[in-house]
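A.B. asks: Starting off with a structure, shown below.
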Amino acid sequence: MQTHTLLMPLDMHLHLRDAVMLENVAPLSAYSFSGAIIMPNLVPPVDTKEAVIAYKERIMAAVPNDFFEPYMTLFYKNYDKKFLLDVEEDITAIKLYPAGITTNSEGGVSSFDIEEMRPTLETMAELGIPLCVHGETDGFVMDREAEFMSIYELLAQNFPTLKIIMEHITTKAAVDMLDKYENLYATITVHHLLLTLDDVVGGMMQPHLFCKPIAKRPEDLDALLSIALEAHPKVMFGSDSAPHPQHAKESCGCAAGVFTAPIALQLLCEIFDQFGKLDNLQDFVSDNAQRIYGICPEFKEVTLEKRTFVVPENYGGVVPMFAGEAIGWAIESVD
Ligand code: DOR
Ligand code: ZN
Numbered sequence: 007m008q009t010h011t012l013l014m015p016l017d018m019h020l021h022l023r024d025a026v027m028l029e030n031v032a033p034l035s036a037y038s039f040s041g042a043i044i045m046p047n048l049v050p051p052v053d054t055k056e057a058v059i060a061y062k063e064r065i066m067a068a069v070p071n072d073f074f075e076p077y078m079t080l081f082y083k084n085y086d087k088k089f090l091l092d093v094e095e096d097i098t099a100i101k102l103y104p105a106g107i108t109t110n111s112e113g114g115v116s117s118f119d120i121e122e123m124r125p126t127l128e129t130m131a132e133l134g135i136p137l138c139v140h141g142e143t144d145g146f147v148m149d150r151e152a153e154f155m156s157i158y159e160l161l162a163q164n165f166p167t168l169k170i171i172m173e174h175i176t177t178k179a180a181v182d183m184l185d186k187y188e189n190l191y192a193t194i195t196v197h198h199l200l201l202t203l204d205d206v207v208g209g210m211m212q213p214h215l216f217c218k219p220i221a222k223r224p225e226d227l228d229a230l231l232s233i234a235l236e237a238h239p240k241v242m243f244g245s246d247s248a249p250h251p252q253h254a255k256e257s258c259g260c261a262a263g264v265f266t267a268p269i270a271l272q273l274l275c276e277i278f279d280q281f282g283k284l285d286n287l288q289d290f291v292s293d294n295a296q297r298i299y300g301i302c303p304e305f306k307e308v309t310l311e312k313r314t315f316v317v318p319e320n321y322g323g324v325v326p327m328f329a330g331e332a333i334g335w336a337i338e339s340v341d
C-alpha cells in the first residue's frame, strides 16, 4: 500500500464559525492540521482585542487536544497605532474584506482610499503583521478577482514592506501578479484546484460547490495547478473551508462556501499524486507557510494511504464537498 506522510499540515485560511457549529467543525480540523489561520467574519466581526482573545478561548475549548494552534486574525478596519500595538501579540494577521463582498463582510472596507488606510497599513508593515485580502470587486462575477488586481498593485506599491496575501486565488490574472511584487503572496484552496464553473453550474446546479470567489475557467485552473503542484515558494494551502448548515446550502438563496476541512489532505494527496508531484506537497501544506508567516507549529505527523475513502454524507448537518463519493486517498494515522 502506498503511503505519504505530511509533517505539521497547516490550513492558512479557515472558517470555524462559533457556538454549536464551532464545536462541530473545529475538532475535524484539529484532527489533521497542526494549526490554521482563523477567519474573523463572525457576527459581529472579530474587531477588538477582547473579541480575539475570547474567540481563541472558545476555539481551544472546542478542540479535543492541545495540538492545534488557532492563529487568530482581526477583521480589518482603519485601526490606529495604539490599538495595533496593544493587539499585536494576540493576532497573526489582519483580514481585509471589501464591504458586502461575501458572508458577513458588511463592515468591511467600502473605499480603497490609500491615504485613509496608510496609517494602519504602515503600522502593520512596521510591526510585521501580514494583511490577508479577499480580493474581489463588486463587478461581473467572473471578472471580480481580475478587476481587483489593480488594488493589489496599489497596495503592493504603496506598502512595499507589508506582507500582502492574496487569499483563495482563482485566476490566471492572480497567478501572473504573484511574481510582479516581492511582497505579494497567495493561498489556494483544494476546491479551486479541482473545479471550474462548469462543475458548479454546467449541469445540475451544485450548491455544495458554490463559493466566493466562484470557480473560473479551465485556463485559470491550469494556472493554479501550475504554481500549487510546483509549490511555488510564495504560495500556501488555505482551505477556505466554510461550513454552512445543510438547509442554508440546499435552499433558494444558497450561502457561499465549500466545506472541505475533513477531506482536504486526502484530496491534496490525490491531486499531487495524479500529477506525480507528491514530493512537493509538504512545501505547499506547511513549509512555505511556516517561512512566510514565521510560525513554528507543534509537531504533528499525518500519514495518508492510497486507498478508497468514501466521503461521509454529512458532518453534524454540514455537507462536505464530494459527499458520498469515493476519493483515492485516506488518512491512515495521526501522531
Ligand atoms: O464562499 C465563501 N464563504 N467565501 C468567503 O469569502 C466567505 C465564506 C464564508 O464565510 O462562508
Ligand atoms: Zn474565507
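Numbering of the sequence shown is given in the working numbering, commencing with residue 7 and proceeding in unit increments.
Don't be surprised by glycine CBs; every beta carbon is placed ideally from N, CA and C.
1) On the CB-based measure, 16 or more other CB atoms within 10 Å of its CB, does Val-26 come out buried or exposed?
2) Establish whether the CB of Gly-141 and some CB of chain B are separated by less than 7 angstroms.
3) Are the beta-carbon atoms belonging to Gln-272 and Trp-335 less than 7 angstroms from one another?
4) Can you find a heavy atom of the ligand DOR that lies under 6 angstroms from the Cβ of Asn-47?
5) Exposed or buried, what is Ile-194 when buried is set at 16 or more other beta-carbons lying within 10 Å of its beta-carbon?
6) With a cut-off of 5 angstroms, give the chain-ordered residues whose Cβ is closer than this to any heavy atom of the ligand DOR.
7) Is Leu-201 helix, strand or coil by DSSP?
8) Look at the Cβ atom of Pro-136, then the Cβ atom of Ala-180, and state whether they are nearer than 7 angstroms.
9) Report whether the distance from the Cβ of Asp-24 to the nearest heavy atom of the ligand ZN is below 6 angstroms.
10) When the Cβ atoms of the segment 68-78 are set against those of the segment 127-142, are three or more pairs found closer than 8 angstroms?
11) Starting from the C-beta of Glu-256, find all residues in its chain whose C-beta is less than 7 angstroms away, skip the five residues before and the five after it, and write them out in chain order.
12) Output needed for Pro-219: all residues of its chain with C-beta closer than 6 angstroms, excluding positions within five of it in sequence on either side, in chain order.
13) Below 6 angstroms, is the gap between the Cβ of Asp-293 and the nearest heavy atom of the ligand ZN?
14) When you compare only the Cα positions, how much space is there between Ala-229 and Lys-87?
C.D. replies: Reading from the atomic positions:
1) Taking the first residue of the sequence shown as position 1, residue 26 is located at position 20. Its Cβ having fewer than 16 others within 10 Å, Val-26 is exposed.
2) Absence of chain B from the displayed structure is noted, only one protein chain being present.
3) Counting from one through the sequence shown, the residue named residue 272 turns up at place 266. Counting from one through the sequence shown, the residue named residue 335 turns up at place 329. Yes, they are a contact pair.
4) Taking the sequence shown and counting its residues from 1, one reaches residue 47 at position 41. At least one heavy atom of the ligand DOR is nearer than 6 angstroms to the Cβ of Asn-47, so yes.
5) Indexing the sequence shown from 1 puts residue 194 at position 188. By the 10 Å Cβ count, Ile-194 comes out buried.
6) His-21, Thr-108, Thr-109, Cys-217, Lys-218, Ala-248, Ala-262 and Gly-263
7) To locate residue 201, count along the sequence shown from 1; it is residue 195. Coil.
8) Here residue 136 corresponds to residue number 130 of the sequence shown, with the count starting at 1. Here residue 180 corresponds to residue number 174 of the sequence shown, with the count starting at 1. No, they are not a contact pair.
9) Here residue 24 refers to the residue found at position 18 when the sequence shown is read from its first residue. No, the beta carbon of Asp-24 sits no closer than 6 angstroms to any heavy atom of the ligand ZN.
10) no
11) Reading the sequence shown from its first residue, position 250 is the one you call residue 256. The answer, listed in chain order, is Pro-213.
12) By 1-based counting over the sequence shown, the position of residue 219 is 213. The answer, listed in chain order, is Glu-142, Glu-151 and Thr-176.
13) Stepping through the sequence shown from its first residue, residue 293 is reached at position 287. It does not: the Cβ of Asp-293 is nowhere closer than 6 angstroms to a heavy atom of the ligand ZN.
14) Within the sequence shown, the letter at position 223 stands for residue 229. Within the sequence shown, the letter at position 81 stands for residue 87. Whole-angstrom Cα-Cα distance: 39 angstroms.
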